[in-house]
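Okay, structure first, notes after.
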Amino acid sequence: MDCIDSMEFLDEWFWFFLFLPLAALSGWVIGRRGGQRHGHAQVSRLSSTYFRGLNYLLSEQPDKAIELFQHIAELDKETFETQVALGHLFRRRGEIDRAIRLHQGLLKRPDLTDHQKVFALLALGEDYMKSGLLDRAETVFTELAQIDQRAPQALRHLISIYQAERDWEKAIDNAIRYEVATGEPMGKLIAQFECELADRYRASNQHDRALEAVSRAYQADATSVRAGIIEGRIEADLGHHEAAVRAWERAARHDPEYLPEIIPALLIAYRQVGDIAGARNFLSEMTEHYRGIAPVLAMTQLIESQEGPAQARGYLGSQLKAKPSVRGQSALIDLTLADGSDPVASLYDLKHITDQLLVRNPSYRCTRCGFGAKTHHWQCPSCKEWGTVKPLLNYAVV
Numbered sequence: 001m002d003c004i005d006s007m008e009f010l011d012e013w014f015w016f017f018l019f020l021p022l023a024a025l026s027g028w029v030i031g032r033r034g035g036q037r038h039g040h041a042q043v044s045r046l047s048s049t050y051f052r053g054l055n056y057l058l059s060e061q062p063d064k065a066i067e068l069f070q071h072i073a074e075l076d077k078e079t080f081e082t083q084v085a086l087g088h089l090f091r092r093r094g095e096i097d098r099a100i101r102l103h104q105g106l107l108k109r110p111d112l113t114d115h116q117k118v119f120a121l122l123a124l125g126e127d128y129m130k131s132g133l134l135d136r137a138e139t140v141f142t143e144l145a146q147i148d149q150r151a152p153q154a155l156r157h158l159i160s161i162y163q164a165e166r167d168w169e170k171a172i173d174n175a176i177r178y179e180v181a182t183g184e185p186m187g188k189l190i191a192q193f194e195c196e197l198a199d200r201y202r203a204s205n206q207h208d209r210a211l212e213a214v215s216r217a218y219q220a221d222a223t224s225v226r227a228g229i230i231e232g233r234i235e236a237d238l239g240h241h242e243a244a245v246r247a248w249e250r251a252a253r254h255d256p257e258y259l260p261e262i263i264p265a266l267l268i269a270y271r272q273v274g275d276i277a278g279a280r281n282f283l284s285e286m287t288e289h290y291r292g293i294a295p296v297l298a299m300t301q302l303i304e305s306q307e308g309p310a311q312a313r314g315y316l317g318s319q320l321k322a323k324p325s326v327r328g329q330s331a332l333i334d335l336t337l338a339d340g341s342d343p344v345a346s347l348y349d350l351k352h353i354t355d356q357l358l359v360r361n362p363s364y365r366c367t368r369c370g371f372g373a374k375t376h377h378w379q380c381p382s383c384k385e386w387g388t389v390k391p392l393l394n395y396a397v398v
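Counting from 1, position 240 in the sequence shown corresponds to residue 240 in the working numbering; the numbering is continuous, with no gaps.
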């Protein structure tokens, strides 16, 4: 499922297809009311106006489109769909108050069918969301969610609202209802919400509840990397370092691209259980399956601590031939300086330049929208998608 925040039921293409039959239908109604000759003339004018309005919409000229559709609405004030369409155009142009007033006025009409009332409520709820009146939008969409006809659209909006309010329990409930109503898998999103709860419980030292939330996250998404990372942190908090190692290794195998997030804490846990050989075996495995430099650098540190800088420099140099990396180059310079085998002055200059390149480059990038960041975010600050901000493979200059 695409980012819930970006979902809008009343999008431009929906209105494009809505206007086409309306042009014919409105003309037919007017023809019936006004007599054949007069009706045909008015039909022709209205149809022409509709299609001019559509042309303005498709040409990204909403101001001119609004002028034309206001004219249509004045000619035929009883056409419900025209009024709703005009409200949508007001909202699209940022005139939210006008859209709200128009849709509220429609809901006061005594002649609305049940279908039209539902449609107007949906439009009004979207007006409230656009204006930031989330409590009012929640009330409208909660009512609509009880109506089978519009339940999916309303539930989709409710998920967005509860996500913005960080009400994760309600977000989960509505995501489950949405999945049941539509058949669209929501497991990955539900797992993210459960992980938010787990983080909240862990922060308040409610470790049992945090682990329960992690378990539910796994039920929703068996390969959830975030659930594994949180599980490892909880187990480490409790002093269960072997369990922490298992959780972090499982998370890394599910998605090695998160290794830079996992390795520092994982190595600490390995040291706590006194299993450096296990750490080296795991890092060797990850080096084979992961294109990035993180496991190579971690292995280099272990080799340096056990065998000295010369051995570490030899290992890193051989790895960098296959995986060139600015960060790897910086580490190689550090080892060369420690080993004292090359001219020191020039290496310090190169080290300075390399470090500057590292400072200027992001460490993480969203795989959906390209947003770059220095720190990790589970939800992209730009496109709001979950689980798409990942560590960069090489930190190379673009």
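C-beta: ideal position from N, C-alpha, C; glycine also.
Bear in mind the structure is a predicted one, so any value in this text is a computation, not a measurement.
Between SER224 and ALA269 a beta carbon distance of about 20 Å is seen, past the 8 Å cut, so the two are scored as non-contacting. C-alpha of ALA252 to C-alpha of VAL359: approximately 26 Å in a straight line. Fewer than three beta-carbon pairs drawn from the segment 265 to 282 and the segment 307 to 314 are found closer than 8 Å, and the two stretches are therefore not classed as touching.
Rounded to the nearest angstrom, the Cβ distance from ALA217 to ALA227 is 4 Å, consistent with a contact under 8 Å. Separation of the CB atoms of ALA137 and ILE161 is rounded to 6 Å, and the pair is thereby assigned contact status at 8 Å. By the Cβ test, the segment 206 to 213 is not in contact with the segment 176 to 183, since fewer than three Cβ pairs between them sit closer than 8 Å.
In this structure, the beta-carbon distance from THR354 to SER330 falls below 8 Å. Around the C-beta of THR336, 16 or more other C-beta atoms lie within 10 Å, and the residue is accordingly described as buried.
With contacts defined by Cβ atoms closer than 8 Å, ARG202 and ARG233 form a contacting pair. When beta bridges are read from the DSSP output, TYR315 appears opposite no residue. The DSSP assignment places complete alpha helix (DSSP H) segments of no fewer than 4 residues inside the segment 137 to 192 at 151 to 164 and 168 to 182, in order along the chain. Classified as buried, ASP221 has 16 or more neighbouring CB atoms from the shown chains inside 10 Å of its CB. For GLN379, the three-state secondary structure derived from DSSP is strand. Taking each of ARG368, PRO152 and VAL296 in turn and checking the Cα distance to CYS383, the smallest one comes out for ARG368.
Comparing alpha-carbon positions, the option among PRO264, LEU267, ILE303 and LEU259 lying closest to GLY292 turns out to be LEU259. Going by DSSP, LYS390 is part of the beta strand (DSSP E) stretching over 389 to 391. With 16 or more other Cβ atoms from the protein chains shown falling within 10 Å of its own Cβ, ALA175 counts as buried.
Rounded to whole angstroms, LYS321 and THR388 show a C-alpha spacing of 29 Å.
Per DSSP, the continuous alpha helix (DSSP H) segment holding TYR270 begins and ends at 259 to 273.
Only residues of its own chain outside the window of five on either side were considered, and among them ARG291 and GLY292 have a CB closer than 7 Å to the CB of LEU393, listed in chain order. Ranked by how close their Cα comes to the Cα of ARG98, the residues ALA294, VAL84 and PRO110 have VAL84 in first place. Burial state of ASP127 is buried, judged by a 10 Å Cβ sphere holding 16 or more other Cβ atoms. Residues ALA213, VAL214, ALA217, SER224, ARG226, ALA227, ILE230 and TRP378 of the same chain have their beta carbon placed closer than 8 Å to that of CYS195, with the five preceding and five following residues left out of the count.
Residue ARG166 holds the alpha-carbon nearest to the alpha-carbon of ASP199 among LYS170, GLU179, ARG166 and LYS188.
DSSP links ARG365 through a beta bridge to GLY372 and LYS390. Between the alpha carbons of LEU144 and ILE159 lies a distance of about 14 Å.
When C-alpha distances from ALA120 are compared across PHE80, GLY132 and LYS130, the shortest belongs to PHE80. Comparing alpha carbon positions, the residue from ARG271, PRO256 and LYS188 closest to ALA244 is ARG271. Separation of the CB atoms of GLU285 and LYS390 is rounded to 20 Å, and the pair is thereby denied contact status at 8 Å. When the five nearest sequence neighbours on each side are left out, the beta carbons in the same chain lying within less than 6 Å of the beta carbon of ILE100 are those of ASP127, in order along the chain.
Remark: C-beta atoms of ILE96 and LYS130 approach each other more closely than 8 Å. Taken through DSSP and simplified to helix, strand or coil, ALA222 comes out as coil. Per DSSP, reduced to three states, the secondary structure at LYS323 is coil, with no helix or strand assignment. Short of 6 Å from the beta carbon of GLN319, and not among the five residues preceding or following it, lie these beta carbons of its own chain, in chain order: VAL296. Between ILE172 and PHE141, the C-beta gap is not smaller than 8 Å, which leaves the two residues out of contact. SER305 counts as exposed, since fewer than 16 other C-beta atoms from the protein chains shown sit within 10 angstroms of its C-beta.
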